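K.L.:
Residue numbers (my numbering): 69 to 528.
For every residue, glycine included, the Cβ atom is placed at its ideal position computed from N, Cα and C.
Source: prediction; values computed, not measured.
This is the structure, below, for whatever I ask next.
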């Protein structure tokens, strides 16, 4: 029997139904993915392994939340020639990814290495202690990028291995799926010396990070982002959390990753809309922290939009440096780190008002940056020329600069009340005093609603 029966857990209307899948069904599905296995063997990713299909996205008519859990089985890995028992980021990066650029991100709990690799054919690699467990949390999109397999002698039989495949979208960033991951880790016998590997975008990183922070009072996590937005912002710094209804990121903590590895060859293959959403977060970094970087982004907007390798490498590495600069001074979001919330108060309200269905997170943040630039100008903090430049910059990247028609002021007011930065009758927002200079202030909610009402509708 090439593939052991595994347990699929389907959650539908909060009811868990466990279905034991027969080995014949596994083998039949695996045969569909034989080309992936042969491709992986040629590239040296997996040798002598049988491919395992990921759960495919359901059609819109029959869409339902789905999760795939696999225990003690197959994992995509090509282990490093590092010293046994070590988990040193520098050794792993030197042994496996010589072409990468590494940036140390400092925080109050230590220093994490953020590494960007230009390739796309090599999966994430870890050197674990003998017998240490590994939990891989991914989604159906990221899981389809690699073939999952097992090589003989790669790890000892005592090491526990668990893979959890979530669906895509903000609906999977909730208590239901956090509980599912934690319960699967407990049932699989994952110990405190285990490592959680997050392979996916911002949603996967947030849920996996919170699970790692909660499990046995904290286990190590390694972030392997597959979206540009996660590469330049969310996978660094350690902010993890989940949504509770209309409350965006209301439950969470600060749990920095041990290190982060991003393969820009795969990230650059994202759909155009996902790529543009990540550019909104990179623009935010320059607008609130570094005027020179913002001017460089404005000058090379065409290069980063068409994904030129040199421009992308400079952009992501500079974002990591800026994130490190902020987290080294404020790792608990008590002061300086609040500047990274530029555009997020409005952005989260837009996402909540649209039920997380129509706009991506980066698109909502783009609109939030535009509205905060206009509000800063009305308050006499930001010159008109700088506000207009920010709008032109985001528009040149084909990002939203006008508010959508489907969100009214009443729904936005409810979202402001549910925001974690709510201060009674006011909301703490980040305003611009100039490009590269920002300040956090409490603004009355009525003023925020007026700024929303004055914005121009987006008709497309």
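Measure the beta-carbon distance from residue 494 to residue 507 and round it to whole angstroms, keeping in mind my assumption that it falls under 8 Å.
P.N.:
As a first step, residue 494 must be located in the chain shown, where it is residue number 426. As a first step, residue 507 must be located in the chain shown, where it is residue number 439. So it is not a contact: roughly 15 Å between Cβ atoms.
K.L.:
For residue 364, which of 379, 375, 356 has the nearest alpha-carbon?
P.N.:
Counting from 1 along the chain shown, the entry for residue 364 is found at position 296. Answer by Cα proximity: 379.
K.L.:
Pull up the CB-CB distance for residue 469 and residue 463, whole angstroms please, since I reckon it's below 8 Å.
P.N.:
Looking up residue 469 in the chain shown gives position 401. Looking up residue 463 in the chain shown gives position 395. Correct: roughly 5 Å between the Cβ atoms.
K.L.:
Check whether the segment 332-342 touches the segment 406-425, taking contact to mean three or more Cβ pairs, one atom from each stretch, closer than 8 Å.
P.N.:
Because the criterion of three Cβ pairs below 8 Å is not met, the segment 332-342 and the segment 406-425 do not touch.
K.L.:
Between residue 383 and residue 410, is the Cβ-Cβ spacing less than 8 Å?
P.N.:
In the chain shown, counting from the first residue as 1, residue 383 sits at position 315. In the chain shown, counting from the first residue as 1, residue 410 sits at position 342. Contact flag unset, no.
K.L.:
Would you mind reading off the limits of the alpha helix (DSSP H) that contains residue 406?
P.N.:
Position 338 of the chain shown, counted from the first residue, corresponds to residue 406. In the DSSP assignment, residue 406 falls outside any alpha helix (DSSP H), carrying neither H nor E.
K.L.:
Taking Cβ positions, are residue 417 and residue 487 nearer each other than 8 Å?
P.N.:
Mapped onto the chain shown, residue 417 falls at position 349. Mapped onto the chain shown, residue 487 falls at position 419. Judged by beta-carbon spacing, residue 487 lies within the 8 Å limit of residue 417, meaning their Cβ atoms are closer than that value.
K.L.:
I need the straight-line Cα distance from residue 372 to residue 312, nearest angstrom please.
P.N.:
On the chain shown, residue 372 is found 304 positions in, with the first residue counted as 1. On the chain shown, residue 312 is found 244 positions in, with the first residue counted as 1. Each residue's Cα considered, the two are about 35 Å apart.
K.L.:
If you compare alpha carbons, which of 420, 501, 270, 375 is closest to residue 236?
P.N.:
The residue labelled residue 236 in the question sits at position 168 within the chain shown. Considering only alpha carbons, the answer is 270.
K.L.:
Quick check on the DSSP output: what are the complete alpha helix (DSSP H) runs of length 4 or more inside the segment 252-309, in order along the chain?
P.N.:
270-282
K.L.:
Exposed or buried, residue 399, counting other C-beta atoms within 10 Å across all chains shown (16 or more means buried)?
P.N.:
What you label residue 399 is simply residue 331 of the chain shown in a count that begins at 1. Label assigned to residue 399: buried.
K.L.:
Just tell me which of 260, 298, 306 has its CA closest to the CA of residue 320.
P.N.:
For the purposes of this step, residue 320 is taken as the residue at position 252 of the chain shown. Of the candidates 260, 298, 306, 306 places its Cα closest to the Cα of residue 320.
K.L.:
DSSP state of residue 231, grouped into three classes?
P.N.:
On the chain shown, position 163 is the one that residue 231 refers to. Three-state result, residue 231: strand.
K.L.:
Assign residue 339 to buried or exposed, taking buried as 16 or more other Cβ atoms, counted over all protein chains shown, within 10 Å of its Cβ.
P.N.:
If you number the chain shown from 1, residue 339 lands on position 271. Residue 339 is exposed by the Cβ-count criterion.
K.L.:
When DSSP labels each residue in this structure, what does residue 322 get in the three-state scheme?
P.N.:
As a first step, residue 322 is located in the chain shown; it is residue number 254 there, counting from the start. Residue state, collapsed to three classes: strand.
K.L.:
Are three or more beta carbon pairs between the segment 285-303 and the segment 384-393 nearer than 8 Å?
P.N.:
yes
K.L.:
Thinking C-beta only, is residue 517 closer than 8 Å to residue 483?
P.N.:
Here the question's residue 483 lines up with position 415 in the chain shown. Here the question's residue 517 lines up with position 449 in the chain shown. Cβ distance not < 8 Å, so residue 483 and residue 517 don't count as in contact.
K.L.:
Just mark residue 500 as buried or exposed, buried being the case when its beta carbon has 16 or more other beta carbons within 10 Å.
P.N.:
Indexing the chain shown from 1 puts residue 500 at position 432. With 16 or more Cβ atoms within 10 Å of its Cβ, residue 500 is classed as buried.
K.L.:
What does the alpha-carbon distance come out to for the pair residue 461 and residue 256?
P.N.:
On the chain shown, residue 461 is found 393 positions in, with the first residue counted as 1. On the chain shown, residue 256 is found 188 positions in, with the first residue counted as 1. For residue 461 and residue 256, the distance between alpha carbons rounds to 49 Å.
K.L.:
Return the bridge partner residues of residue 500 from the DSSP annotation.
P.N.:
For the purposes of this step, residue 500 is taken as the residue at position 432 of the chain shown. Note: residue 500 sits in a beta bridge opposite 506.
K.L.:
Check this for me: beta carbons of residue 450 and residue 502, under 8 Å apart or not?
P.N.:
The residue given as residue 450 occupies position 382 in the chain shown. The residue given as residue 502 occupies position 434 in the chain shown. Here residue 450 is near residue 502, since their CB atoms are less than 8 Å apart.
K.L.:
In three-state DSSP terms, what is residue 327?
P.N.:
Position 259 of the chain shown, counting from 1, holds the residue named residue 327. DSSP places residue 327 in strand when its eight states are reduced to three.
K.L.:
Based on Cα-Cα distance, which residue from 345, 284, 287 lies nearest to residue 302?
P.N.:
What you label residue 302 is simply residue 234 of the chain shown in a count that begins at 1. Minimum Cα distance to residue 302 is reached at 345.
K.L.:
In angstroms, rounded to a whole number, what distance separates the CA positions of residue 246 and residue 264?
P.N.:
In the chain shown, counting from the first residue as 1, residue 246 sits at position 178. In the chain shown, counting from the first residue as 1, residue 264 sits at position 196. Cα to Cα, the separation comes out at about 13 Å.
K.L.:
Return the CA-CA distance between residue 285 and residue 253, expressed in angstroms with no decimal places.
P.N.:
Against the chain shown, residue 285 aligns to sequence position 217. Against the chain shown, residue 253 aligns to sequence position 185. Their Cα atoms are separated by approximately 13 Å.
K.L.:
Relative to the alpha-carbon of residue 521, which residue among 509, 474, 489, 496 has its alpha-carbon at the smallest distance?
P.N.:
Within the chain shown, residue 521 is the residue found at index 453, counting from 1. Of the listed residues, the one whose Cα sits closest to residue 521 is 474.
K.L.:
Let me know if residue 448 comes out buried or exposed under the rule of 16 or more other beta-carbons within 10 Å of its beta-carbon.
P.N.:
Here residue 448 corresponds to residue number 380 of the chain shown, with the count starting at 1. Result: exposed.
K.L.:
Who pairs with residue 206 in a beta bridge, going by DSSP?
P.N.:
Counting from one through the chain shown, the residue named residue 206 turns up at place 138. Residue 206 pairs with 233, 267.
K.L.:
Does the distance from the C-beta atom of residue 288 to that of residue 326 stay below 8 Å?
P.N.:
Taking the first residue of the chain shown as 1, we reach residue 288 at position 220. Taking the first residue of the chain shown as 1, we reach residue 326 at position 258. For residue 288 and residue 326, yes; Cβs fall inside 8 Å.
K.L.:
For residue 312, list the residues DSSP reports as bridge partners.
P.N.:
Residue mapping note: residue 312 aligns to position 244 of the chain shown, counting from 1. DSSP, once it has assigned bridges, lists 315 as partnering residue 312.
K.L.:
So, are the CB atoms of residue 412 and residue 430 less than 8 Å apart?
P.N.:
Start at 1 with the first residue of the chain shown, and residue 412 comes out as number 344. Start at 1 with the first residue of the chain shown, and residue 430 comes out as number 362. Not closer than 8 Å, so no.
K.L.:
Determine the direct distance from the alpha carbon of residue 465 to that of residue 348, and round the result to whole angstroms.
P.N.:
Indexing the chain shown from 1 puts residue 348 at position 280. Indexing the chain shown from 1 puts residue 465 at position 397. Taking the straight line from one Cα to the other gives about 8 Å.
K.L.:
Measure how close the beta-carbons of residue 205 and residue 272 come, nearest whole angstrom, since I'm counting them as under 8 Å.
P.N.:
The residue given as residue 205 occupies position 137 in the chain shown. The residue given as residue 272 occupies position 204 in the chain shown. Yes, residue 205 and residue 272 are in contact; Cβ-Cβ is about 6 Å, under 8 Å.
K.L.:
Would residue 323 and residue 308 qualify as a contact pair, given that the criterion is a beta-carbon distance under 8 Å?
P.N.:
Taking the first residue of the chain shown as 1, we reach residue 323 at position 255. Taking the first residue of the chain shown as 1, we reach residue 308 at position 240. It is a contact, given that the beta carbons lie within the stated cut-off.
K.L.:
Where does residue 350 land, buried or exposed, given buried means 16+ other C-beta within 10 angstroms?
P.N.:
Reading the chain shown from its first residue, position 282 is the one you call residue 350. Answer is buried; the Cβ neighbour count reaches 16.
K.L.:
On the three-state DSSP scale, how would you describe residue 424?
P.N.:
Within the chain shown, the letter at position 356 stands for residue 424. Looking at residue 424 - three-state DSSP - the assignment turns out to be coil, as it is neither helix nor strand.
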